[in-house]
Amino acid sequence: MTDAPTVPYAPNPKPAEGAPEGRPGPMVADWRQDQVMPELTRRAVSWIKDRRGEAMPFFLYFPWTSPHAPIVPTAEWQGKTKAGGFGDFMAESDWCAGQVLQALDENGFRENTLVIFTADNGPERYAYDRIRNFQHRSMGELRGLKRDIWDGGHRVPLVIRWPGVVPAGRVSGELISQVDFMATVAAIVGAVLPDSAADDSLNQLDLIKGASSSARTRHVHNTNKDHYAIRKDNWVLINAPTGAVSQVPKWFDEQFAYSKDEHPAALYNLNDDIAQRKNLFAEFPQKVAELRADLDALRTTSQRQSPDLY
10 MTDAPTVPYA
20 PNPKPAEGAP
30 EGRPGPMVAD
40 WRQDQVMPEL
50 TRRAVSWIKD
60 RRGEAMPFFL
70 YFPWTSPHAP
80 IVPTAEWQGK
90 TKAGGFGDFM
100 AESDWCAGQV
110 LQALDENGFR
120 ENTLVIFTAD
130 NGPERYAYDR
140 IRNFQHRSMG
150 ELRGLKRDIW
160 DGGHRVPLVI
170 RWPGVVPAGR
180 VSGELISQVD
190 FMATVAAIVG
200 AVLPDSAADD
210 SLNQLDLIKG
220 ASSSARTRHV
230 HNTNKDHYAI
240 RKDNWVLINA
250 PTGAVSQVPK
260 WFDEQFAYSK
270 DEHPAALYNL
280 NDDIAQRKNL
290 FAEFPQKVAE
300 LRADLDALRT
310 TSQRQSPDLY
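Shown next as structure tokens:
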């Protein structure tokens, strides 16, 4: 596959925050992890420039190395923020995103290009340290980090730019899943998906164009086996005594007034409790039963088979 030698992994440079992450394998000699994101950005910008004047539509998938570990901002970005190495890394990421958008604008693609910017999960466990050290909550007002079943582990930003189609400056709190991208993009380009594809994907084109409601009424997410949460309207049911998968420091629960309870599952009303502090399991047994039935059904069927469940 490659002429590069297989070598042990050695952090280069040392992460500004958190643990080093990497694996042994084929590597170019003397490569640096902090140079990967800038190089990917340069190549994306160059790729866009090469298509200037072309009429053929293109698809650019651009996954950053940030904000995943290792947290390695380049030298020119170190110390730029008041949120430590991770804050600096995010500032550099913002700049890289701006370079790609600028390349689209400068090469004539702004008005007819759909840009989708999102993430795959909540912040890593180092976020707890940032609260103590910098008074910065990477998960905002949500509860939970990456892997957790609480919303902080799975709810992520979704930013869409499509001039003339998506209203600029609009903010929506409607329920949408990245699973829906496939059906939505298929609708945009006029493609018909085969019956064997995108079983759980819903067309959200009306929503991103400005409709007030989502095509999706329910969503399921999980991390570990048999550890699920189901969202329906403003309700979330976690089918476990806690939404924690990562270890939550005792000081965090005390500082932010989270209390433990002895219920076998957790029910939250996000309209009144976005931080998921109050477990309503005992107060709304009928809602618990309803959501458990929906969860069982969704685990054994698909949107194509049972569209009313979605």
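So for the sequence shown, my numbering puts the first residue at 10; every next one is plus one. We put the CB at the ideal spot given by N, CA and C, even for glycine. This structure is a prediction, so every number in the text was calculated from the model and none was measured.
6 Å Cβ shell around residue i - same chain, five flanking residues per side excluded
i: residue 345; result: Residue 345 cannot be examined here, being either before or after the span of the chain that is shown, 10 to 319.
i: residue 160; result: 151
i: residue 167; result: 127
i: residue 301; result: none
i: residue 29; result: 20 and 79
i: residue 27; result: 78, 80 and 135
Proximal residues to residue i (C-beta, below 8 Å), its chain only, five neighbours per side dropped
i: residue 169; result: 123, 124, 125, 126, 175 and 217
i: residue 155; result: 130, 131, 132, 133, 134, 162 and 255
i: residue 67; result: 60
i: residue 42; result: 20, 21, 22, 31, 74, 79 and 81
i: residue 146; result: 136, 139 and 140
i: residue 25; result: 80, 81, 82, 87, 93, 94, 95, 97 and 98
i: residue 320; result: Because the chain in this structure spans residues 10 to 319, residue 320 falls outside the shown range and cannot be described.
i: residue 104; result: 86
i: residue 148; result: 131, 132, 136, 154 and 161
Between the CA atoms of residue j and residue i - distance to the nearest angstrom
i: residue 106; j: residue 47; result: 10 Å
i: residue 194; j: residue 221; result: 19 Å
i: residue 89; j: residue 97; result: 6 Å
i: residue 247; j: residue 240; result: 9 Å
i: residue 306; j: residue 144; result: 42 Å
i: residue 186; j: residue 262; result: 29 Å
i: residue 199; j: residue 192; result: 10 Å
i: residue 295; j: residue 85; result: 56 Å
i: residue 165; j: residue 289; result: 24 Å
i: residue 62; j: residue 72; result: 25 Å
i: residue 316; j: residue 208; result: 10 Å
i: residue 230; j: residue 245; result: 11 Å
i: residue 238; j: residue 258; result: 22 Å
i: residue 264; j: residue 293; result: 28 Å
i: residue 111; j: residue 39; result: 31 Å
Member of the options whose CA lies at the smallest distance from the CA of residue i
i: residue 196; options: 316, 182 and 211; result: 211
i: residue 74; options: 241, 206 and 101; result: 101
i: residue 95; options: 111, 109, 77 and 104; result: 77
i: residue 304; options: 266, 84, 236 and 128; result: 236
i: residue 82; options: 65, 45 and 228; result: 45
i: residue 272; options: 262, 297 and 203; result: 297
i: residue 1; options: 291, 264 and 257; result: The first residue shown for the chain is 10 and the last is 319, placing residue 1 beyond what the model contains.
i: residue 113; options: 172, 40, 266 and 289; result: 172
i: residue 372; options: 70, 108 and 12; result: In the structure displayed, the chain extends from 10 to 319; residue 372 sits before or after that span and is not available.
i: residue 228; options: 308, 27 and 53; result: 308
i: residue 225; options: 189, 203, 69 and 62; result: 189
i: residue 157; options: 205, 208, 142 and 232; result: 232
i: residue 181; options: 213, 111 and 257; result: 213
i: residue 52; options: 65, 70, 267 and 266; result: 70
i: residue 142; options: 91, 149 and 111; result: 91
i: residue 153; options: 234, 293, 38 and 267; result: 267
As assigned by DSSP and simplified to three states, the class of residue i
i: residue 120; result: helix
i: residue 174; result: coil
i: residue 47; result: helix
i: residue 241; result: strand
i: residue 231; result: strand
i: residue 184; result: coil
i: residue 35; result: strand
i: residue 125; result: strand
i: residue 140; result: helix
i: residue 168; result: strand
i: residue 275; result: strand
i: residue 85; result: helix
i: residue 193; result: helix
i: residue 16; result: strand
i: residue 110; result: helix
i: residue 247; result: strand
i: residue 26; result: strand
i: residue 80; result: strand
i: residue 256; result: coil
i: residue 159; result: coil
i: residue 132; result: coil
i: residue 151; result: coil
i: residue 301; result: helix
i: residue 73; result: coil
i: residue 93; result: helix
Residues of its chain near residue i, where Cβ-Cβ distance is below 7 Å and the 5 sequence neighbours each way are ignored
i: residue 15; result: 33, 34 and 35
i: residue 183; result: 216, 222 and 223
i: residue 243; result: 278, 279 and 280
i: residue 205; result: none
Chain D contact for residue i (CB, 9 Å cutoff)
i: residue 108; result: Judged by its chain identifiers, the structure shown contains no chain D, having just a single protein chain.
Note to self: Under 8 Å: do the region 110 to 120 and the region 53 to 66 share three or more Cβ pairs, one atom per stretch?
What the structure shows: yes
Check: Three or more C-beta pairs closer than 8 Å, one from the region 285 to 300 and one from the region 236 to 252: is that the case here?
Finding: yes
Checklist line | the region 256 to 276 in contact with the region 177 to 185 per 3-pair CB rule at 8 Å | finding: no
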